[in-house]
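Protein sequence lines correspond, in order, to chains W and D.
The first sequence: position 191 = 191 (the working numbering), numbered continuously.
The second sequence: position 237 = 1237 (the working numbering), numbered continuously.
Following: one structure in structure tokens, then a few remarks.
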Amino acid sequence: MHARVASATVVVAVVLAACGGHSSDSGVAPPASQGPGATGTGTSTGSDTGTGTPTLRERIAALERSGAYPTLDRSTDIAGPDTNSNGVRDDIEAWIQTQPLNDAQKKALMQDARATQRTLLVDLNDKAALQKAGEGFGASFNCGMMQFPEYSDFSKFAGKIEAMTANTRQRAERYMRYNAARSGSSTRSPDGDTCEP
Amino acid sequence: MCPKSGYSGVNNTSNPTIAFVSAPSGKPYVEYGGTNRARVYCPQIVTDTYLQSGAVVTSPGLQQYVFDCPRGDGGHRQGSSISRYISLPKGLVDSQAGILIAWPYFNGVKVESPSPTAQYDFARCECLAEGSIYSEKYQRCFIKNTKFPPIVLGFFNGVWNTEKQAEDGLNALKSVVGSTHGDRPIRYEKFYNQTGRSTGNTEAQDIAETFIQRSTELDGVLADRWEHYWEMLSGRHRLAGSFTERLVSGLHDGGEAFSQLIDSIASSMLAGFVKGLASLLSNPPTAVDMADHLSRLQAIADEGSDFVLVAHSQGNLFVNLAYDGLKKSHPATLQAVVHVAPASPTVRGMHVLSDLDAVINGLRNFGSWTVQAINLWLPFNKADASGHTLVGTYLNGQTLASTTPNGPPDTTPRAHVKGLIVNALNQVLAP
Chain W
1 MHARVASATV VVAVVLAACG GHSSDSGVAP PASQGPGATG TGTSTGSDTG
51 TGTPTLRERI AALERSGAYP TLDRSTDIAG PDTNSNGVRD DIEAWIQTQP
101 LNDAQKKALM QDARATQRTL LVDLNDKAAL QKAGEGFGAS FNCGMMQFPE
151 YSDFSKFAGK IEAMTANTRQ RAERYMRYNA ARSGSSTRSP DGDTCEP
Chain D
1001 MCPKSGYSGV NNTSNPTIAF VSAPSGKPYV EYGGTNRARV YCPQIVTDTY
1051 LQSGAVVTSP GLQQYVFDCP RGDGGHRQGS SISRYISLPK GLVDSQAGIL
1101 IAWPYFNGVK VESPSPTAQY DFARCECLAE GSIYSEKYQR CFIKNTKFPP
1151 IVLGFFNGVW NTEKQAEDGL NALKSVVGST HGDRPIRYEK FYNQTGRSTG
1201 NTEAQDIAET FIQRSTELDG VLADRWEHYW EMLSGRHRLA GSFTERLVSG
1251 LHDGGEAFSQ LIDSIASSML AGFVKGLASL LSNPPTAVDM ADHLSRLQAI
1301 ADEGSDFVLV AHSQGNLFVN LAYDGLKKSH PATLQAVVHV APASPTVRGM
1351 HVLSDLDAVI NGLRNFGSWT VQAINLWLPF NKADASGHTL VGTYLNGQTL
1401 ASTTPNGPPD TTPRAHVKGL IVNALNQVLA P
């Protein structure tokens, strides 16, 4: 058993290293596209080698310009821009609006985005506020369960919202401090309709 | 004649197995004693024998529970009450079920509902129809307003989950198990623990540090793209449609190096999980670390609920403490535990561990920790290369799995885990 597990671990590592350059499809239907479907390699905007070959950064920037990858706010500000002050960062709100979902589902994602954003801004020394922030997740997930026929679809969106919200080093560190502050907490999953109006 | 109340003085010798109480108030003495149970008192006994076992007497459209009090010896004696738990049929509603009660020797009835969430009330007692073999001796009292407290499914999260990821795990369980089991509502509650140590989150910082160090590679393209970190942490970086996959597929020729960097970092983080778990096993959480969670569990138990506790990965270390602590303080509270990918050397219930779980199985090689036996065999799934995440692997409803080594597929991980939880629920409902 010991050798078999060890070899299995090696096999996993080898497979991980071998993965790359392919679109994955694990049998799960891919979620909606995040923008125009262009997947071009981008145009050359100059390079550091002087040979005209775009750098990896330039290629990524080109993907973002084409819409094949969402352009996220990466400012050093923890909150980021929220022009309409609705508690959701502008770039995340824009991404949600491009998803092929009905209005109720988009509202559920907005609620989840708001709950996630709140964790970056809550006072980490205020236990009551921390608990309320945690309960926000309970409400948003309960709402998501109501609005999405398949829970796994909402789950994937919620994961992406988390990834987008804590997308810079400053935000990631702040988010980690929130989670550390919540360690030891317990939160009841709410019943009924918890979707925000 | 059917007396409505009081001691009838009838010598119940013709049907010694049927007995009990009809008080002046017309209500028998039943006390809620726990899950689906009531305790029935014979307030006055005439012998020292215990209540004999009851039997369910059914007739079309009715469920009745008949229980015994000791048959009289012709004399009457005021004595201490004796009691016995009986299991009441599920789904009792007025006019459909009742407790058949006979009064010959005993009187004095009382309805008690010590738990605010559990109520048994006998709406009325009536004489049975004339001509019934019981009509001369018995009354039937109907149960009304039966209300059971919910079973609480408590979830103890896995390795380095954020609170949001723990919420995801809890709701994934809810989507699998549902909100009722039989006639019992199930309530869900997460018991979140990130580190288990009151000294700080050293292990979590180590995992993030791995990403920080490696993100300087390839001209530092990942340095400010932490969305990929969170995807790797949740095991979703290779899921179709993930941000990481979209970037890799969009880069085409330029994506090979990036893809390899991602896989390499993910592999390093995986190794970090194993190292961190081993560290946690070396310095396991204590009751102090669990104090808040145990207090909450005890408060819920005081409301009358019983528990099914589900734990994933490191959460199993905490659930063991929770189980032991609650058992000590509330021995009458029923609990059952389901261990998913347990990192703990000991368990308190059934477990599931996949052969492809690189984190838990990695513990065998890292310091030779004792871990539970593998009992689920899966094909490799690129969407969760670690084979360890709750949602990606153990609640996957699409991957076929086998419960025997090299055996044919006979389940899915989701169905298998659901089966374990349903068993646990049944265990709590019918102790």
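Every residue gets a Cβ at the ideal spot worked out from N, C-alpha and C, and that includes glycine.
{"Item": "What residues in the segment 1289-1307 of chain D have a beta carbon less than 7 Å from any beta carbon of chain W?", "Value": "1292, 1293 and 1296"}
{"Item": "Could I get the ranges of all uninterrupted alpha helix (DSSP H) runs contained in the segment 1310-1350 of chain D, with 4 residues as the minimum, in chain order?", "Value": "1315-1329"}
{"Item": "Go through its chain and collect everything with a Cβ distance to residue 1269 of chain D's Cβ below 8 Å, but skip five positions before and after it.", "Value": "1207, 1210, 1211, 1232 and 1233"}
{"Item": "Could you give the C-beta distance for residue 113 of chain W and residue 190 of chain W, rounded to a whole number, given that I count them as a contact under 8 Å?", "Value": "Not quite, the Cβ-Cβ distance comes to about 19 Å (not below 8 Å), so this is no contact."}
{"Item": "Am I right that residue 1332 of chain D and residue 1349 of chain D are in contact with their C-beta atoms under 8 Å? What's the rounded C-beta distance?", "Value": "About 18 Å; that fails the 8 Å criterion."}
{"Item": "Put residue 1281 of chain D into one of helix, strand or coil per three-state DSSP.", "Value": "helix"}
{"Item": "Out of W:60, W:64, W:71 and W:136, point me to the one whose CA is closest to residue 108 of chain W's CA.", "Value": "W:136"}
{"Item": "Since residue 1344 of chain D meets chain W, which of its residues come closer than 8 Å, beta carbon to beta carbon?", "Value": "Per Cβ cutoff of 8 Å: no residues; residue 1344 of chain D is ~18 Å from chain W at best."}
{"Item": "Is the Cβ of residue 72 of chain W closer than 9 Å to any Cβ of chain D?", "Value": "yes"}
{"Item": "What are the boundary residues of the beta strand (DSSP E) that residue 1191 of chain D is part of?", "Value": "1184-1191"}
{"Item": "Is it buried or exposed, residue 1045 of chain D, if we count other Cβ atoms within 10 angstroms and call 16 or more buried?", "Value": "Below a pLDDT of 50, predicted positions are generally treated as unreliable, and residue 1045 of chain D, at 34, falls in that range; the measurement from the model is reported next regardless. So residue 1045 of chain D counts as buried."}
{"Item": "Using DSSP bridges, identify the partner residues of residue 1307 of chain D.", "Value": "D:1152 and D:1335"}
{"Item": "Tell me residue 1274 of chain D's beta-bridge partners as DSSP assigns them.", "Value": "Looking at the DSSP assignment, residue 1274 of chain D forms no beta bridge with any residue, so it has no partner."}
{"Item": "Please classify residue 1178 of chain D as buried or exposed, where buried requires at least 16 neighbouring CB atoms within 10 angstroms.", "Value": "exposed"}
{"Item": "Given a threshold of 16 other Cβ atoms within 10 Å of its Cβ, counted over all protein chains shown, does residue 1238 of chain D qualify as buried or as exposed?", "Value": "buried"}
{"Item": "Taking a Cβ distance cut-off of 8 Å, strictly less, list which residues of the segment 1403-1421 of chain D are near chain W, in chain order.", "Value": "none"}
{"Item": "Provide the residue span of the alpha helix (DSSP H) that contains residue 152 of chain W, from first to last.", "Value": "151-165"}
{"Item": "What does DSSP give as the partner residues of residue 1402 of chain D in its beta bridges?", "Value": "D:1377"}
{"Item": "From residue 1404 of chain D to residue 1356 of chain D, what does the alpha carbon distance come to, in whole angstroms?", "Value": "14 Å"}
{"Item": "Closer than 7 Å by beta-carbon distance: list the chain W residues that pair up with residue 1214 of chain D, in chain order.", "Value": "The premise fails here: residue 1214 of chain D is roughly 13 Å from chain W at the closest Cβ pair, so nothing lies under 7 Å."}
{"Item": "Since residue 1429 of chain D contacts residue 1414 of chain D with CB under 8 Å, what's their CB separation in whole angstroms?", "Value": "Actually they do not touch by this definition, with Cβ atoms about 22 Å apart."}
{"Item": "Pull the bridge partners of residue 188 of chain W from the DSSP assignment, please.", "Value": "D:1189"}
{"Item": "If you run the structure through DSSP and keep just helix, strand and coil, what is residue 954 of chain D?", "Value": "Not covered by the structure: residue 954 of chain D. The range shown for chain D is 1001 to 1431."}
{"Item": "Which residues does DSSP list as the beta-bridge partners of residue 1411 of chain D?", "Value": "D:1401"}
{"Item": "Check distances from the C-beta atoms of the segment 1227-1238 of chain D to those of chain W and list, in chain order, the residues that come in under 7 Å.", "Value": "1227, 1229, 1230, 1231, 1234, 1236 and 1238"}
{"Item": "Pull out every residue of the segment 1180-1193 of chain D whose Cβ sits closer than 8 Å to any Cβ of chain W, in chain order.", "Value": "1187, 1188, 1189, 1190, 1191, 1192 and 1193"}
{"Item": "Report the residues of the segment 125-156 of chain W with a CB closer than 9 Å to any CB of chain D, ordered along the chain.", "Value": "133, 134, 137, 138, 140, 141, 142, 144, 145, 150, 151, 152, 154, 155 and 156"}
{"Item": "Indicate whether residue 1316 of chain D and residue 1156 of chain D have their beta-carbon atoms separated by less than 9 Å.", "Value": "yes"}
{"Item": "Alpha carbons only, please: which of D:1320, D:1314 and D:1273 is nearest the one belonging to residue 1294 of chain D?", "Value": "D:1320"}
{"Item": "Please name the residue or residues paired with residue 1180 of chain D in a DSSP beta bridge.", "Value": "D:1185"}
{"Item": "Cβ closer than 8 Å: which chain W residues qualify as neighbours of residue 1168 of chain D?", "Value": "141, 155, 158 and 159"}
{"Item": "What distance in whole Å lies between the Cβ atoms of residue 1417 of chain D and residue 1352 of chain D, which are believed to be in contact at a cut-off of 8 Å?", "Value": "6 Å"}
{"Item": "Would you mind giving the Cβ-Cβ distance between residue 1162 of chain D and residue 162 of chain W, rounded to the nearest angstrom? I have them listed as a contact below 8 Å.", "Value": "7 Å"}
{"Item": "Between residue 63 of chain W and chain D, is any beta-carbon pair separated by less than 9 Å?", "Value": "yes"}
{"Item": "Would you check if the segment 1243-1253 of chain D and the segment 59-66 of chain W touch, i.e. whether three or more CB-CB distances between them fall below 8 Å?", "Value": "yes"}
{"Item": "Give the secondary structure of residue 122 of chain W by DSSP, where H, G and I count as helix, E and B as strand, and everything else as coil.", "Value": "coil"}
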